[in-house]
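Visitor:
Protein chains: 6
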Amino acid sequence: MTCEPPRTTISTAAKDVVEQINPGLTDQLTADLDDFAPGIAELIIETAYGQLYSRPGVDLKTRQLATIAALAAMGGQTRPQLQANVRHAVAAGATETEVVEIIMQMMIYAGAPAVLNALWAAREVLRSNDHTT
Amino acid sequence: MTCEPPRTTISTAAKDVVEQINPGLTDQLTADLDDFAPGIAELIIETAYGQLYSRPGVDLKTRQLATIAALAAMGGQTRPQLQANVRHAVAAGATETEVVEIIMQMMIYAGAPAVLNALWAAREVLRSNDHTT
Amino acid sequence: MTCEPPRTTISTAAKDVVEQINPGLTDQLTADLDDFAPGIAELIIETAYGQLYSRPGVDLKTRQLATIAALAAMGGQTRPQLQANVRHAVAAGATETEVVEIIMQMMIYAGAPAVLNALWAAREVLRSNDHTT
Amino acid sequence: MTCEPPRTTISTAAKDVVEQINPGLTDQLTADLDDFAPGIAELIIETAYGQLYSRPGVDLKTRQLATIAALAAMGGQTRPQLQANVRHAVAAGATETEVVEIIMQMMIYAGAPAVLNALWAAREVLRSNDHTT
Amino acid sequence: MTCEPPRTTISTAAKDVVEQINPGLTDQLTADLDDFAPGIAELIIETAYGQLYSRPGVDLKTRQLATIAALAAMGGQTRPQLQANVRHAVAAGATETEVVEIIMQMMIYAGAPAVLNALWAAREVLRSNDHTT
Amino acid sequence: MTCEPPRTTISTAAKDVVEQINPGLTDQLTADLDDFAPGIAELIIETAYGQLYSRPGVDLKTRQLATIAALAAMGGQTRPQLQANVRHAVAAGATETEVVEIIMQMMIYAGAPAVLNALWAAREVLRSNDHTT
């Protein structure tokens, strides 16, 4: 087969969410991955932000805190994504305390190793200056 | 060793949270498990609700939605706990839409099987009358 | 918010794949879930079959065998999805031997419990008549 | 390819361990699975008991308690295997208290849902009469 | 909310276990995390060692070997915790052979990748001099 | 116990597969691990390649693609094994496109974090010169 893989169109709804949490995200992910895995960047961005986060019914900050809970509970294999979402949560209005509390709460559901690893990952983001300029 | 295992004391803080989400929870878990696993009921209740959920900084409804996200993402092995926490989320003020949206959002982090299994589990709770009397 | 959640459009590419592996799948998933989780059926169908399976480069049978490997390795929490994909693999041209071999191979990567549970789940599908009429 | 799959030879070392923990295990697993997945029963039995459990350095009871810890921590997707190994642990000399304590200990590493589900699974085995005749 | 989060009291029972496996553990974890996640250090120490490891019925060395089994089976996301517990196991009287055997045994339950990654992590601890002074 | 642990014999069938995917694998794994975990190298090689991959019914390239799917879906804790198997897949005749497509497909089953981490791991292998002599 020589045809090109399909391209997912990024909707206005997705662009609106990305603008709020990380305006450079789509360009960054596309630049990183499009040569190696053509189309994956648009597919992830549109599925996440155009088809899920942009749905009505739950505000963006609560969605981001729920994501942090899930990524912390899933364990250290999602460390880069947890760190990105901690930045997105802060951009959506979450405080450091809210992020830390939600991670700590996971101790009862996913155990102490998951919590410790997630706290260390989140601290690296929150106590640096990367998200404050 | 013939001494009795230690007993975790359930704090007032834990009792306050349990009162809001499921007043019978401590008695039910103790009656179920204390003969077989002495002390586990109090340990879980106190750790979850006395040491974690009762901390300041995040309201109970947001905590419950974060828990639902995590349990959905952890997959079908936590089905009974997901169902209990869907009831607790509703008791803490969450709507059916909020519960469903948070579960659906997990598709991008944990995949479609986790979402489908969590939706089926939540529907069994939310579309029955168990939590409405 | 009172607006309706967005609807994912199911592409022709997705319909073509669904036609090959399970013509009734979209209707069945929509009928099951649309009232409770509006839009999730179309989102899953389009993401899976319109954006991923329909890409060039790997044939449908190989894709289905890879899916069976992954679902078996992920453990028993994906049992319903493993069973559906065993049916889809057979519809895509895989033999019972191929399905069984791919599951057995997972022993070295995911351990014997995952393999045993996946074999039992697959047998329920392959040794019934559900997929043959 | 029409040739038969290879057959794993079950060693005397494996037979010795199986004799201690569950004399009918090999026949039972072979009768269950050999028609569908030829060879998997012997491969699992020999790998587990001939190549791992029979190694010197750790006694059988400690090995079985370690297995129970791991299966409990891996979550409900290994329920049938956890139940089998609770029986094997008792046959290797473990008491109910030891089994329950090891499962409870997993709360700090894998969370309360894993512990609750494992306790319920173990109780079904330990409080029935299946292992006492 | 401006009130301080609750503080978990570390019991004498917890202190006794910590003294045996790693006398500096509580101070080290508190110094590391208390500023960022106030209270998590005491909560983890007390839950693990005051409420679980200090219970009668299973000796400390067997408990530590069970923990190593579980952490190895849970995969590489718990690497720092596995390494800490390998040190604790040795302090509780386990030999290198026992640690290695228990990890190897996990191959049949969790697969070869989990075993390889756990062996590499344990070797880094056991073949350095960190635990021998 | 002072006796030596048993040694798994590596069969001709295993040697044939290893010869095709990575001729130096057995020597490399034995040199790495035999002093610390005696016998594990042979046990893994023989179980994987002598007892599983060498079975008839599925060709080596399809087996390797199924393994890549499973390791990608299992998440970042199997990164070293995923990278080794990407090399083995290429040696078995898989193209870069096939490897990338199979990893991307996992998005619908295991989520975007698993896919992103697997793509980054695979790229490190495929876009270096390590597998091309």
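Residue numbers (our numbering), protein chains in the order written: chain B, 726 to 858; chain H, 726 to 858; chain R, 726 to 858; chain S, 726 to 858; chain U, 726 to 858; chain A, 726 to 858. All C-beta atoms in this analysis are idealised placements derived from N, C-alpha and C, irrespective of residue type, glycine included.
What residues of chain U sit near Arg812 of chain B, judged by a beta carbon separation below 9 Å?
Guide: Taking the first sequence and counting its residues from 1, the one referred to as residue 812 of chain B is at position 87. Residues of chain U passing the Cβ test: none, with the nearest at roughly 16 Å.
Visitor: Which of the three DSSP states, helix, strand or coil, is assigned to Met831 of chain A?
Guide: For the purposes of this step, residue 831 of chain A is identified with residue 106 of the sixth sequence, where counting begins at 1. Correct three-state label for Met831 of chain A: coil.
Visitor: Nearest to Glu823 of chain A by CA position, among A:Ile770, A:Leu851, A:Ala835, A:Ile769, is which residue?
Guide: The residue labelled residue 823 of chain A in the question sits at position 98 within the sixth sequence. Looking at the Cα atoms, A:Leu851 is the closest of the given residues.
Visitor: Output yes if chain A places a C-beta closer than 8 Å to the C-beta of Arg780 of chain R; else output no.
Guide: Counting from 1 along the third sequence, the entry for residue 780 of chain R is found at position 55. Yes, because at least one Cβ of chain A sits closer than 8 Å to the Cβ of Arg780 of chain R.
Visitor: Cβ closer than 7 Å: which chain H residues qualify as neighbours of Ile833 of chain A?
Guide: Mapped onto the sixth sequence, residue 833 of chain A falls at position 108. Within chain H, the residues near Ile833 of chain A are Gly836, Ala837.
Visitor: Cα separation between Met829 of chain B and Arg732 of chain B?
Guide: Indexing the first sequence from 1 puts residue 829 of chain B at position 104. Indexing the first sequence from 1 puts residue 732 of chain B at position 7. Rounded to whole angstroms, Met829 of chain B to Arg732 of chain B spans 39 Å at the Cα level.
Visitor: Identify the contact partners of Leu758 of chain A in chain U, using a Cβ-Cβ distance below 7 Å as the criterion.
Guide: In the sixth sequence, counting from the first residue as 1, residue 758 of chain A sits at position 33. Ordered by position in chain U, the residues that pass the 7 Å Cβ test against Leu758 of chain A are Leu844.
Visitor: Which residues in the same chain as Leu758 of chain A place their Cβ atom closer than 8 Å to its Cβ, once the five residues preceding and following it in sequence are excluded?
Guide: Stepping through the sixth sequence from its first residue, residue 758 of chain A is reached at position 33. Hits under 8 Å: Ile765, Ala766.
Visitor: Is the CB-CB distance between Val735 of chain B and Ile770 of chain B below 8 Å?
Guide: The residue you call residue 735 of chain B lines up with position 10 of the first sequence. The residue you call residue 770 of chain B lines up with position 45 of the first sequence. Here the sequence assigns Ile to residue 735 of chain B, which means Val is not the residue at that position. Closer than 8 Å, so yes.
Visitor: Among the candidates U:Ile746, U:Pro730, U:Ala843, U:Asp760, whose CA atom is the shortest distance from the CA of Gln806 of chain A?
Guide: Numbered from 1 along the sixth sequence, position 81 holds the residue referred to as residue 806 of chain A. If we check each option's Cα against that of Gln806 of chain A, U:Ala843 comes out closest.
Visitor: Just checking: is the beta-carbon of Gln776 of chain A within a distance shorter than 8 Å of some beta-carbon in chain S?
Guide: As a position in the sixth sequence, residue 776 of chain A is number 51, starting the count at 1. Taking Cβ atoms only, chain S reaches closer than 8 Å to Gln776 of chain A, which makes this a yes.
Visitor: Where does Ser779 of chain B land, buried or exposed, given buried means 16+ other C-beta within 10 angstroms?
Guide: Along the first sequence, read from residue 1 onward, the residue named residue 779 of chain B stands at position 54. Under this definition Ser779 of chain B is a buried residue.
Visitor: Return the CA-CA distance between Ala738 of chain A and Ala795 of chain H, expressed in angstroms with no decimal places.
Guide: As a first step, residue 738 of chain A is located in the sixth sequence; it is residue number 13 there, counting from the start. As a first step, residue 795 of chain H is located in the second sequence; it is residue number 70 there, counting from the start. Going from the Cα of Ala738 of chain A to the Cα of Ala795 of chain H covers about 44 Å.
Visitor: Just to check my reading of the structure: Gly800 of chain B and Ala839 of chain B have Cβ atoms closer than 8 Å, yes? What is that Cβ distance to the nearest angstrom?
Guide: Here residue 800 of chain B corresponds to residue number 75 of the first sequence, with the count starting at 1. Here residue 839 of chain B corresponds to residue number 114 of the first sequence, with the count starting at 1. Right, their Cβ atoms sit about 5 Å apart.
Visitor: Does chain B have any CB closer than 8 Å to the CB of Thr751 of chain H?
Guide: Position 26 of the second sequence holds residue 751 of chain H. So, not an interface residue.
Visitor: On the criterion of 16 or more Cβ atoms from any shown chain inside 10 Å, does Gly782 of chain B qualify as buried, or is it exposed?
Guide: Along the first sequence, read from residue 1 onward, the residue named residue 782 of chain B stands at position 57. The residue is buried, with at least 16 neighbouring Cβ atoms inside 10 Å.
Visitor: For Pro748 of chain S, count neighbouring Cβ atoms within 10 angstroms of its own Cβ and tell me buried if that reaches 16, exposed if not.
Guide: Looking up residue 748 of chain S in the fourth sequence gives position 23. Exposed.
Visitor: Interface residues of chain H around Leu790 of chain B at Cβ under 7 Å?
Guide: By one-based count along the first sequence, residue 790 of chain B stands at place 65. Within chain H, the residues near Leu790 of chain B are Thr787, Ala791.
Visitor: Return the Cβ separation of Ile833 of chain H and Gly836 of chain A in integer angstroms, given the expectation that the two are a contact with Cβ distance under 8 Å.
Guide: Stepping through the second sequence from its first residue, residue 833 of chain H is reached at position 108. Stepping through the sixth sequence from its first residue, residue 836 of chain A is reached at position 111. The pair is a contact, with the Cβ atoms about 6 Å apart (cut-off 8 Å).
Visitor: Going along chain E, which residues have a C-beta under 7 Å from Val825 of chain U?
Guide: Absent from the structure is chain E; the protein chains it does hold are B, H, R, S, U and A.
Visitor: Less than 6 Å between C-beta atoms, sequence neighbours within five positions excluded: which residues of the same chain meet that for Asp741 of chain R?
Guide: Indexing the third sequence from 1 puts residue 741 of chain R at position 16. Cβ within range, chain order: n/a, list empty.
Visitor: I need the DSSP call for Val743 of chain H, collapsed to helix, strand or coil.
Guide: The residue labelled residue 743 of chain H in the question sits at position 18 within the second sequence. Three-state result, Val743 of chain H: helix.
Visitor: Output needed for Val743 of chain R: all residues of its chain with C-beta closer than 7 Å, excluding positions within five of it in sequence on either side, in chain order.
Guide: Your numbering for residue 743 of chain R matches position 18 in the third sequence. The answer, listed in chain order, is Leu750, Thr751, Ile770, Tyr774.
Visitor: Find out if the Cβ-Cβ distance for the pair Ala791 of chain S, Ala791 of chain U is shorter than 8 Å.
Guide: For the purposes of this step, residue 791 of chain S is identified with residue 66 of the fourth sequence, where counting begins at 1. For the purposes of this step, residue 791 of chain U is identified with residue 66 of the fifth sequence, where counting begins at 1. Contact: yes.
Visitor: Taking 8 Å as the cut-off, decide whether the C-beta atoms of Asn810 of chain A and Ile793 of chain A are in contact.
Guide: Sequence index remark: in the sixth sequence, residue 810 of chain A carries index 85 (1-based). Sequence index remark: in the sixth sequence, residue 793 of chain A carries index 68 (1-based). Yes.
Visitor: Below 9 Å on C-beta distance, what does Val840 of chain U contact in chain A?
Guide: Mapped onto the fifth sequence, residue 840 of chain U falls at position 115. What Val840 of chain U touches in chain A: Ala762, Ile765, Ile769.
Visitor: Helix, strand or coil, according to DSSP, for Ile769 of chain R in the structure here?
Guide: Against the third sequence, residue 769 of chain R aligns to sequence position 44. In the structure shown, Ile769 of chain R sits in a helix (DSSP, three-state: H, G or I).
Visitor: Can you check the segment 794 to 841 of chain U for any alpha helix (DSSP H) of at least 4 residues that lies completely inside it and give the ranges in chain order?
Guide: Counting only runs of 4 or more, we get 804 to 816, 821 to 830, 832 to 835.
Visitor: Note down, in chain order, each residue of its chain lying with its Cβ closer than 6 Å to the Cβ of Lys786 of chain A, except the 5 sequence neighbours on either side.
Guide: Residue 786 of chain A sits at position 61 when you count from the first residue of the sixth sequence. Hits under 6 Å: Ala817, Gly818, Ala819.
Visitor: Quick one, are the C-beta atoms of Ala798 of chain S and Ala756 of chain U less than 8 Å apart?
Guide: Counting from 1 along the fourth sequence, the entry for residue 798 of chain S is found at position 73. Counting from 1 along the fifth sequence, the entry for residue 756 of chain U is found at position 31. Not a contact, by the Cβ cut-off of 8 Å.
Visitor: Please work out which residues of its chain come closer than 6 Å, Cβ to Cβ, to Arg804 of chain U, disregarding the five sequence neighbours upstream and downstream, and give them in chain order.
Guide: As a working note, residue 804 of chain U is residue 79 in the fifth sequence. Ala846.
Visitor: Among A:Val825, A:Met831, A:Arg812, whose alpha-carbon lies nearest the alpha-carbon of Gln745 of chain A?
Guide: Mapped onto the sixth sequence, residue 745 of chain A falls at position 20. The shortest C-alpha separation from Gln745 of chain A is found at A:Arg812.
Visitor: Does the beta carbon of Gly818 of chain R sit closer than 8 Å to a beta carbon anywhere in chain S?
Guide: Position 93 of the third sequence, counting from 1, holds the residue named residue 818 of chain R. Not an interface residue.
Visitor: Taking Cβ positions only, does Ala797 of chain A come closer than 8 Å to chain U?
Guide: Within the sixth sequence, residue 797 of chain A is the residue found at index 72, counting from 1. Not one chain U Cβ lies under 8 Å of Ala797 of chain A.
Visitor: How would you list, in chain order, the residues of chain A whose beta-carbon sits under 8 Å from the beta-carbon of Thr737 of chain S?
Guide: On the fourth sequence, position 12 is the one that residue 737 of chain S refers to. Those do not exist, as Thr737 of chain S stays about 10 Å from chain A at its closest Cβ, beyond 8 Å.
Visitor: How long is the line joining the alpha carbons of Val825 of chain S and Gln808 of chain S, rounded to whole angstroms?
Guide: Counting from 1 along the fourth sequence, the entry for residue 825 of chain S is found at position 100. Counting from 1 along the fourth sequence, the entry for residue 808 of chain S is found at position 83. About 12 Å.
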